[in-house]
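**Q** What follows is a single structure, and I will ask about it in a moment.
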């Protein structure tokens with residue numbers, strides 16, 4: 083959990099092995115694209131920094147966070163893909179729409195991971211405001227995309 087005392091991009095490098103031959107799909111929501119593209123940049127750069135070859139990183143766009151589950155499923159079906167990183171941003175609004183979308187995405191991504199026995203990483207921000215999202219997408223609390231990429235790497239080294 084991000085707080086003023088913890089930067090999301092800070093992590094320990096324990097249990098990280100060579101992932102240079104692994105293939106990653108990054109599924110990115112187009113909704114709130116200022117935030118999601120920043121998350122993608124963080125995830126992409128982190129994978130490169132850990133030895134993943136550029137050609138082993140597949141980027142797929144979906145319209146919104148709700149569609150991340152199906153996008154993740156399509157990627158997970160590909161036997162060449164070792165892990166799927168899902169990036170999105172759902173900002174709290176005045177209606178319960180936020181609750182339904184966040185719950186559906188969390189359950190959907192969990193189901194895809196269990197069905198395909200592959201890491202499917204939940205890199206979806208659920209802030210109250212746009213500023214909170216920006217703070218977690220390369221702002222003062224680091225970049226949740228970095229955290230998602232490290233999580234995928236660590237799960238492949240399990």
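Residue numbers (this note's numbering): 83 to 240.
The beta-carbon is built from N, C-alpha and C at its ideal position, and this holds for glycine as well.
#1: With DSSP as the reference, identify every bridge partner of residue 167, one or two as the case may be.
#2: I believe residue 206 touches residue 171 by the beta-carbon criterion, under 8 Å. Please report the beta-carbon distance rounded to the nearest angstrom.
#3: If we call anything under 8 Å between Cβ atoms a contact, is residue 109 one with residue 194?
#4: Quick check: the Cα distance between residue 116 and residue 224, rounded to an integer number of angstroms?
#5: Any contact of the stretch 181–188 with the stretch 97–106, i.e. 3+ C-beta pairs under 8 Å?
#6: Residue 234 by DSSP, collapsed to three states: which one?
#7: Leaving out five residues on either side along the sequence, give the residues of the same chain with a beta carbon under 6 Å from the beta carbon of residue 174.
#8: Per DSSP, residue 219 is paired with what?
#9: Would you call residue 218 buried or exposed, if buried means 16 or more other Cβ atoms sit within 10 Å of its Cβ?
#10: Residues in its own chain within less than 7 Å of residue 235 by CB, not counting five upstream and five downstream?
#11: Is it buried or exposed, residue 90, if we count other Cβ atoms within 10 angstroms and call 16 or more buried?
#12: Name the residue from 189, 153 and 203 whose alpha carbon lies nearest to the alpha carbon of residue 144.
#13: Going along the chain, which residues of its own chain have a beta-carbon closer than 6 Å to the beta-carbon of residue 146, five neighbours each way excluded?
#14: Return yes when the Cβ of residue 142 is within less than 8 Å of the Cβ of residue 120, no when it is not.
#15: Is the beta carbon of residue 227 sitting closer than 8 Å to the one on residue 191?
#16: Residue 200: buried (16+ other C-beta within 10 angstroms of its C-beta) or exposed?
**A** With the structure as the only source:
#1: For this step, residue 167 is matched to residue 85 along the chain shown. Answer is 108 and 203, bridged to residue 167.
#2: The residue you call residue 206 lines up with position 124 of the chain shown. The residue you call residue 171 lines up with position 89 of the chain shown. Correct: roughly 7 Å between the Cβ atoms.
#3: One-based indexing of the chain shown puts residue 109 at position 27. One-based indexing of the chain shown puts residue 194 at position 112. Against a cut-off of 8 Å, the Cβ pair of residue 194 and residue 109 comes out as no contact.
#4: By one-based count along the chain shown, residue 116 stands at place 34. By one-based count along the chain shown, residue 224 stands at place 142. Between residue 116 and residue 224, the C-alpha separation is close to 15 Å.
#5: Flag = no, the stretch 181–188 and the stretch 97–106 do not touch.
#6: On the chain shown, residue 234 is found 152 positions in, with the first residue counted as 1. Residue 234: helix per DSSP, three-state reduction.
#7: Counting from one through the chain shown, the residue named residue 174 turns up at place 92. Listed in chain order, the non-local C-beta contacts of residue 174 below 6 Å within the same chain comprise 180 and 210, local neighbours out to five positions each way being set aside.
#8: Residue numbering aside, residue 219 sits at position 137 when the chain shown is read from its first letter. Answer by DSSP bridge pairing, in chain order: 225.
#9: Here the question's residue 218 lines up with position 136 in the chain shown. Classification for residue 218: buried.
#10: One-based indexing of the chain shown puts residue 235 at position 153. Answer for residue 235: 98, 101 and 132, listed in chain order.
#11: Your numbering for residue 90 matches position 8 in the chain shown. In this prediction, residue 90 has a pLDDT of 49, which is less than 50 and means its spatial position is unreliable; nothing more can be read from the coordinates.
#12: Locating residue 144 in the chain shown gives position 62, counting from the first residue. The option with the nearest alpha carbon to residue 144 is 153.
#13: On the chain shown, position 64 is the one that residue 146 refers to. Answer for residue 146: 111 and 113, listed in chain order.
#14: Against the chain shown, residue 120 aligns to sequence position 38. Against the chain shown, residue 142 aligns to sequence position 60. Not closer than 8 Å, so no.
#15: Numbered from 1 along the chain shown, position 145 holds the residue referred to as residue 227. Numbered from 1 along the chain shown, position 109 holds the residue referred to as residue 191. No, these two residues do not count as a Cβ contact at 8 Å.
#16: Reading the chain shown from its first residue, position 118 is the one you call residue 200. Buried.
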